Amino acid sequence: MRDSGTATLSLVYLARLREAFGAASERLDVPPGVTTVGTLRAWLAARGDPWATELAPGRAVRIAVNHDLADADALVRPGDEVAFFPPVTGG
Amino acid sequence: MPVRVQTEDFDVGRELAALRETDRSVGAVAAFVGTVRDVNDDASVATMTLEHYPGMTEKALAAIVDDAKSRWAIADALVIHRVGALKPADQIVLVGVTSAHRREAFAACEFIIDYLKTRAPFWKKEETPEGARWVEARVSDDDAAARWRAPSVPGG
Chain A
33 MRDSGTATLS LVYLARLREA FGAASERLDV PPGVTTVGTL RAWLAARGDP
83 WATELAPGRA VRIAVNHDLA DADALVRPGD EVAFFPPVTG G
Chain B
6 MPVRVQTEDF DVGRELAALR ETDRSVGAVA AFVGTVRDVN DDASVATMTL
56 EHYPGMTEKA LAAIVDDAKS RWAIADALVI HRVGALKPAD QIVLVGVTSA
106 HRREAFAACE FIIDYLKTRA PFWKKEETPE GARWVEARVS DDDAAARWRA
156 PSVPGG
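Chains as they are written, first to last, in our numbering: chain A, 33 to 123; chain B, 6 to 161.
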């Protein structure tokens, strides 16, 4: 962390979202209000396109925190790996 | 309880033999093999590329197998899923389950593939004459997984 109040997260983007965002991962400092999966998603969407379009409410996006699927209420903490991806299509 | 993600192909006979042959309590082996179709959603598929999320994938598959073991009296289970470039007719996934009796093996095998298709982080991208496209998740897959949450477990 650079200064008190901000948290550094490792963000991972997979499949269609990796292509849409033009990156497989990024390390990002987020402000104090970003404490859950839901607030993180909204904060990323507020960066503008392509995040605004892909992460808009209603778009089917799955989010995992430290390799476990998480819902919007799940907490994110400094150092967490948070992954964003479309509904899965394996098998 | 082997769970593997690999680019290379697998030999179904050899894998199922390895799963059961050291356990003499086993009286049933059920297996599911998923393969690449040459047509999907009305477009012909030349190649398919499978991507996954290393680290989460193995964890998710192991959790699904543990869930199956808590629901049915099975002896062991195996999941092998391929990633990378595949062609029509190639094998994608193998689920194998052993148990004393067939009912548990059938049910657990179906449960594992249903949950894999909705919870394990794999994505398919198809190369078609119209260009490359990501395969969209199907509502029918969610429905297939959801029925295992019903109060009376089918086949259980």
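Ideal Cβ placement from N, Cα and C applies to all residues, glycine included.
Owing to the predicted nature of the structure, the values given are computational and were not obtained by experimental measurement.
#1: With 8 Å set as the bound, which would you pick, yes or no: does the beta-carbon of B:K122 sit closer than that to a beta-carbon of chain A?
#2: Does any residue of chain B bring its CB to less than 8 Å from the CB of A:D35?
#3: Please go through the segment 33 to 91 of chain B and give each complete beta strand (DSSP E) segment of 3 or more residues, from N-terminal end onward.
#4: For A:R48, would you say it is in contact with chain B, using Cβ-to-Cβ distances shorter than 8 Å as the test?
#5: Here's the rule I'm using: 16 or more other beta-carbon atoms within 10 Å means buried, otherwise exposed. How should B:D119 be labelled?
#6: Can you look up B:S145 in the DSSP assignment and give me helix, strand or coil?
#7: With which residues is B:G136 paired in a DSSP beta bridge?
#8: Would B:G161 pass as an interface residue toward chain A - the criterion being a Cβ-Cβ separation below 8 Å?
#9: State whether the segment 28 to 47 of chain B contacts the segment 100 to 113 of chain B, with contact taken as three or more CB pairs (one from each stretch) at a distance under 8 Å.
#10: Leaving out five residues before and five after A:M33 in sequence, what residues of the same chain have Cβ atoms less than 8 Å from its Cβ?
#11: Using a Cβ cut-off of 8 Å (strictly closer), state whether A:V66 contacts chain B.
#12: The beta strand (DSSP E) spanning A:D61 covers which residue range?
#13: Alpha carbon to alpha carbon, how far is B:H86 from A:N98?
#14: Spatial neighbours of A:P118 within its chain, please: C-beta separation below 6 Å, excluding the five flanking residues on both sides.
#15: Taking Cβ-Cβ distances shorter than 8 Å, what residues in chain B pair up with A:L72?
#16: If we call anything under 8 Å between Cβ atoms a contact, is B:L91 one with B:V41?
#17: Determine the DSSP secondary structure at B:E13, reduced to helix, strand or coil.
#18: Is B:L55 close to chain A? Criterion is C-beta to C-beta, closer than 8 Å.
#19: Tell me the DSSP bridge mates of B:V31?
#20: Kindly say whether B:H106, judged by its beta-carbon, lies nearer than 8 Å to any beta-carbon of chain A.
#21: Looking at the unbroken alpha helix (DSSP H) that takes in B:R124, where does it start and where does it end?
#22: Beta strand (DSSP E) containing A:E86: first to last residue?
#23: Mapping DSSP to helix, strand and coil, what is A:A104?
Taking the structure as given:
#1: So, interface residue.
#2: Low confidence applies to A:D35: its pLDDT is 49, below 50, so where it sits in the model is not reliable enough to give any reading.
#3: Entirely contained in the segment 33 to 91 of chain B, the beta strand (DSSP E) runs reaching 3 residues are, in chain order, 33 to 40, 52 to 57, 79 to 87, 89 to 91.
#4: yes
#5: Flag for B:D119 reads buried.
#6: helix
#7: B:T133
#8: Per-residue confidence for B:G161 stands at a pLDDT of 43, beneath the threshold of 50, marking its modelled position as unreliable; no derived number is given.
#9: yes
#10: The pLDDT assigned to A:M33 is 42, lower than 50, so where the model puts this residue is not dependable; a value taken from the coordinates is nonetheless given after this. Around A:M33: A39, T40, D61, P110.
#11: no
#12: 57 to 62
#13: 22 Å
#14: Counting only Cβ-Cβ distances below 6 Å, and skipping sequence neighbours, we find A47, R48.
#15: Here the premise fails: no neighbours, minimum Cβ distance about 17 Å.
#16: yes
#17: Three-state result, B:E13: coil.
#18: yes
#19: None, per the DSSP bridge assignment.
#20: no
#21: 107 to 124
#22: Element bounds for A:E86: not the beta strand (DSSP E) but the alpha helix (DSSP H), 83 to 86.
#23: coil
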